[in-house]
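For the sequence shown, the working numbering gives the first residue as 25, with consecutive numbering after it.
From the three backbone atoms N, C-alpha and C, an ideal C-beta is built for every residue, glycine too.
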Amino acid sequence: MIEHSVQEGRERILDAAEQLFAERGFAGTSVQRIAEQAMVSKATIFHHFENKQALYCAVVERACAGMLHVLDALLSDEQTRALDQLEAYRRQDMEEMFAHAPVIRLILRELTMGEDAQARALVDQVFGQHYLRLKALVSRAQRERLLRKDVDAGVQAVAVASINIFLFLVWPVLRHLPESPFEDLRQSGDSLFRLLLQGMQAEEWREP
């Protein structure tokens, strides 16, 4: 019962922090304001999180946890073709990004501020794990001779992930371009992914 209550308190803090970080940014949000929003004391927050940076990383980690599970499931599946796994990753990742849109906007906004220490903390605690798993999927496709080996697996992994980041950032504009081909988000992502694969695929697998 006590453990359940403690976990509920932690989640309440994370909910409050997520909302305030998304509204005001990292620098514009104080621990005191988060405590007031969560209806706890500052001491309670510091019981769960070492500092505001640790709380911020926990907010991001919670929002990205779903994709970590997806990547683990894909890596444990040795029957499905690696390219199909990469496409499944990209589609699920897009759904997760839009499902957690306020947090994703927060992350991208903060990263554009150029705070190297914060970026390093996010890599160490969150994004590094996702990157290594996605890179492992690309490496599997390279071993299956589906993707070219003369381009580093890490570069190709970032290229795949960048499709969703691009669409997330500029989708409102793309939809309103003159004679825009961007009417459906999922179809647009699929089209960009297929186009990207034309450059990434091993020569024997490229479409004529």
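A direct Cα-Cα distance of roughly 10 Å separates L209 from N188. Per the coordinates, the alpha-carbon of S163 lies some 19 Å from the alpha-carbon of M91. Ranked by how close their Cα comes to the Cα of Q142, the residues Q225, E35, S215 and A82 have A82 in first place. For Q103, no alpha helix (DSSP H) segment is defined, and its DSSP state is neither H nor E. The straight-line gap separating the alpha-carbon atoms of A46 and F192 is approximately 16 Å. Judged by DSSP in its simplified three-state form, L171 adopts strand. With a contact defined as Cβ atoms closer than 8 Å, Q109 and L171 miss out at about 12 Å. Of the residues assessed, A125 falls on the exposed side of the cut-off, its CB having fewer than 16 other CB atoms within 10 angstroms.
About 6 Å separates the CB atoms of A185 and L158; that is less than 8 Å, so the two are in contact. By the C-beta criterion, the region 53-68 is judged not to be in contact with the region 86-100, since fewer than 3 inter-stretch pairs fall below 8 Å. Only residues of its own chain outside the window of five on either side were considered, and among them V64 and T68 have a CB closer than 7 Å to the CB of G33, listed in chain order. Here T53 is buried: its Cβ has 16 or more other Cβ atoms, across all protein chains shown, within 10 Å. Q166 sits close to K173, with the two beta carbons spaced by under 7 Å. Between Y80 and F50, the CB-CB gap stays under 7 Å. Cβ atoms of L44 and Q31 stay farther apart than 8 Å, at about 21 Å.
For secondary structure counted as the alpha helix (DSSP H) over 4 or more consecutive residues, the region 177-225 holds these complete runs in sequence order: 177-198 and 209-224.
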